[in-house]
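**Student:**
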Amino acid sequence: MEEISKIAGRCQFLRNLHTMRLVQFCKKIGDRATIGAELGQNGDIVDLCAGDPSLPSTSLGFIEEGTATFNKAMKVIASGSHVLKRNSVQLLAPITKQEKVVCVGNNYKDHCEEQGVPLPDEPVIFNKFPSVVIGPYDNIQYPTASQAIDWEVELVIVVGKKGKNIKASEGLDYVFGYTIANDISARDWQMGRNGGQWFLGKTMDTFCPLGPTIVTKDELKDPHNLKLACRVNGVDKQKGNTVELVHKTEALLAHISAVVTLYPGDIILTGTPPGVGFFRKPPEYLRKGDVVECEIEHIGVIRNKVV
């Protein structure tokens, strides 16, 4: 009885905190994907659906169903059962099949300084197709259409509930959590083709590595004071901090939702700090065989090879 009481108390504690590190995974290549909870950064994985088969098997379904589903997951975590070793599973992109992948350009003060451009008065918005999202350790396919692909580490907002005309003061109420993306960019297309539109240069196949986990908003003390970095073959290329964001989470949700309805699972790539290849002298671009790592403190690292 004492042990049951401890578990119940722990479960109540977790429900009150509403913190989780949500992942999608499969036990081996080709297996059916399911959802899990990461036990601490780079930790083992709780198989949530094994613990409670009534839970949705996708992160999108999990987010859509809201608090009741979250509380079921907390009970599975608190039970201490159905724990899998991290190296025994394949982590997938932590959210897939979302309706929208929204991106923000020129959203770091120091990145604007790097380019010699003024800070934007309002967010610069573009997008990617959701189909280009890949997992945290999947390969980036070098496109035949481009010879100038670049790296961009970015903090990603994961939308938690439907919202239209969201007030900035209520913006965080619409956030489920945060993850990491590499906004891979074909600079020759982005800057010199397609009539000046960025879209095609940003949405070639595999151009959105994502992961490794969605960290719920209550687990991050301040999403606007996080160190982030990008490395290519172990060499530092980008180092920054989200404190430099021009337009922060609340403002982005308000601006985007004034134009289009946001839905659970939609993701917003919030921009990149200085150090991208295009603005280096001379410019640097990714080559086949390169390994790109994007890291944000308290969230983790994604690592992708260019093939």
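Here my numbering is used: the first residue of the sequence shown is 6, the next is one more, and so on.
For glycine and all other residues, C-beta sits at the position ideal for the given N, C-alpha and C.
In this structure, does DSSP put G165 in helix, strand or coil?
**Tutor:** Locating residue 165 in the sequence shown gives position 160, counting from the first residue. Here G165 sits in coil by DSSP.
**Student:** Look at the Cβ atom of Q243, then the Cβ atom of A234, and state whether they are nearer than 8 Å.
**Tutor:** Residue mapping note: residue 243 aligns to position 238 of the sequence shown, counting from 1. Residue mapping note: residue 234 aligns to position 229 of the sequence shown, counting from 1. Yes. Within cutoff.
**Student:** If the criterion is Cβ atoms closer than 8 Å, does the pair T24 and D223 meet it?
**Tutor:** The sequence position of residue 24 within the sequence shown is 19, counting from 1. The sequence position of residue 223 within the sequence shown is 218, counting from 1. Taking 8 Å as the Cβ cut-off, T24 and D223 qualify as a contacting pair.
**Student:** In terms of alpha-carbon separation, which member of N309, S59, P288, A259 lies closest to E175?
**Tutor:** The count along the sequence shown starts at 1 and reaches residue 175 at position 170. The candidate whose alpha carbon is nearest that of E175 is A259.
**Student:** Taking the alpha-carbon positions, what's the T218 to V88 distance?
**Tutor:** As a working mapping, residue 218 is identified with position 213 in the sequence shown. As a working mapping, residue 88 is identified with position 83 in the sequence shown. One C-alpha to the other measures close to 16 Å.
**Student:** Suppose the cutoff is 7 Å on Cβ atoms and the five residues either side in sequence are ignored; what does the same chain contact list for K133 look like?
**Tutor:** Counting from 1 along the sequence shown, the entry for residue 133 is found at position 128. So the qualifying residues of the chain are V106, C108, K207, T208, F212, C213.
**Student:** Could you spell out where the alpha helix (DSSP H) holding R192 opens and where it closes?
**Tutor:** As a working mapping, residue 192 is identified with position 187 in the sequence shown. 192-197 is the span of the alpha helix (DSSP H), which, as asked, contains R192.
**Student:** Taking only three categories from DSSP, how would you classify G201?
**Tutor:** In the sequence shown, counting from the first residue as 1, residue 201 sits at position 196. It is helical.
**Student:** In the DSSP assignment, find the unbroken beta strand (DSSP E) run with F75 in it and report its ends.
**Tutor:** Here residue 75 corresponds to residue number 70 of the sequence shown, with the count starting at 1. Element bounds for F75: not the beta strand (DSSP E) but the alpha helix (DSSP H), 72-84.
**Student:** Does DSSP classify K114 as helix, strand or coil?
**Tutor:** Within the sequence shown, numbered from 1, the residue matching residue 114 stands at position 109. Looking at K114 - three-state DSSP - the assignment turns out to be helix.
**Student:** Look at the alpha carbon of F204 and the alpha carbon of H303, and state the distance between them as a whole number of angstroms.
**Tutor:** Your numbering for residue 204 matches position 199 in the sequence shown. Your numbering for residue 303 matches position 298 in the sequence shown. The straight-line gap from Cα to Cα measures roughly 30 Å.
**Student:** What's the call for L60, buried or exposed, on a 16-neighbour Cβ count within 10 Å?
**Tutor:** Counting from 1 along the sequence shown, the entry for residue 60 is found at position 55. That one is buried.
**Student:** How about Y188 and Y290: are their beta carbons less than 8 Å apart?
**Tutor:** Within the sequence shown, numbered from 1, the residue matching residue 188 stands at position 183. Within the sequence shown, numbered from 1, the residue matching residue 290 stands at position 285. What sits at residue 188 in the sequence shown is Asp, not Tyr. No, the Cβ-Cβ distance between D188 and Y290 is not below 8 Å.
**Student:** So who's on the other strand from A42, going by DSSP bridges?
**Tutor:** By one-based count along the sequence shown, residue 42 stands at place 37. Partner(s): L27, V51.
**Student:** Excluding the five sequence neighbours on either side, which residues of its own chain have a C-beta within less than 6 Å of the C-beta of T247, listed in chain order?
**Tutor:** Looking up residue 247 in the sequence shown gives position 242. Here the set comprises L160, H229, L231.
**Student:** In angstroms with no decimal places, state the Cα-to-Cα distance between V129 and S62.
**Tutor:** Counted from its first residue, the sequence shown places residue 129 at position 124. Counted from its first residue, the sequence shown places residue 62 at position 57. So the alpha carbons of these two residues sit roughly 34 Å apart.
**Student:** So, with DSSP's three-state summary, where would you put T247?
**Tutor:** Taking the first residue of the sequence shown as 1, we reach residue 247 at position 242. In the structure shown, T247 sits in a helix (DSSP, three-state: H, G or I).
**Student:** For K102, which residues of its own chain have a beta-carbon under 6 Å away from its beta-carbon, when the five flanking residues on both sides are left out?
**Tutor:** Position 97 of the sequence shown holds residue 102. Excluding sequence neighbours, K102 sits near L65.
**Student:** Does DSSP put A186 in a helix, in a strand, or in coil?
**Tutor:** Locating residue 186 in the sequence shown gives position 181, where the first residue counts as 1. Strand, per DSSP.
**Student:** Could you check if A73 is buried or exposed, using at least 16 other CB atoms within 10 Å of its CB as the buried criterion?
**Tutor:** In the sequence shown, counting from the first residue as 1, residue 73 sits at position 68. Exposed: under 16 other Cβ atoms inside 10 Å.
**Student:** Is the distance from the Cβ of Y3 to the Cβ of L250 below 8 Å?
**Tutor:** Any answer about residue 3 is impossible in this case: the structure gives the chain only from 6 up to 312.
**Student:** Check F18 in the structure and name its three-state DSSP category.
**Tutor:** Within the sequence shown, the letter at position 13 stands for residue 18. Residue placement at F18 is flagged as unreliable, the pLDDT there being 39, under the threshold of 50; the coordinate-derived value follows with that caveat. Three-state result, F18: helix.
**Student:** If you follow the alpha helix (DSSP H) that E255 is in, where does it begin and where does it stop?
**Tutor:** Here residue 255 refers to the residue found at position 250 of the sequence shown. Taken as a continuous stretch (DSSP letters only), the alpha helix (DSSP H) holding E255 covers 254-262.
**Student:** Do you know whose CA, among I171, F284, Q195, R292, lies nearest E118's CA?
**Tutor:** Position 113 of the sequence shown, counting from 1, holds the residue named residue 118. Among I171, F284, Q195, R292, the Cα nearest to that of E118 is on F284.
**Student:** Using 8 Å for Cβ pairs, my map puts P269 next to I40. What's the rounded Cβ distance?
**Tutor:** Within the sequence shown, residue 269 is the residue found at index 264, counting from 1. Within the sequence shown, residue 40 is the residue found at index 35, counting from 1. P269 to I40, Cβ: 14 Å. No contact.
**Student:** DSSP state of E7, grouped into three classes?
**Tutor:** Within the sequence shown, numbered from 1, the residue matching residue 7 stands at position 2. Since pLDDT at E7 reaches only 41, below the 50 mark, its modelled position is unreliable, and no value is offered.
**Student:** Would you call L215 buried or exposed, if buried means 16 or more other Cβ atoms sit within 10 Å of its Cβ?
**Tutor:** As a first step, residue 215 is located in the sequence shown; it is residue number 210 there, counting from the start. With 16 or more Cβ atoms within 10 Å of its Cβ, L215 is classed as buried.
**Student:** Distance check for F131 and I145, CA to CA, integer angstroms please.
**Tutor:** Residue numbering aside, residue 145 sits at position 140 when the sequence shown is read from its first letter. Residue numbering aside, residue 131 sits at position 126 when the sequence shown is read from its first letter. Roughly 21 Å between the two C-alpha positions.
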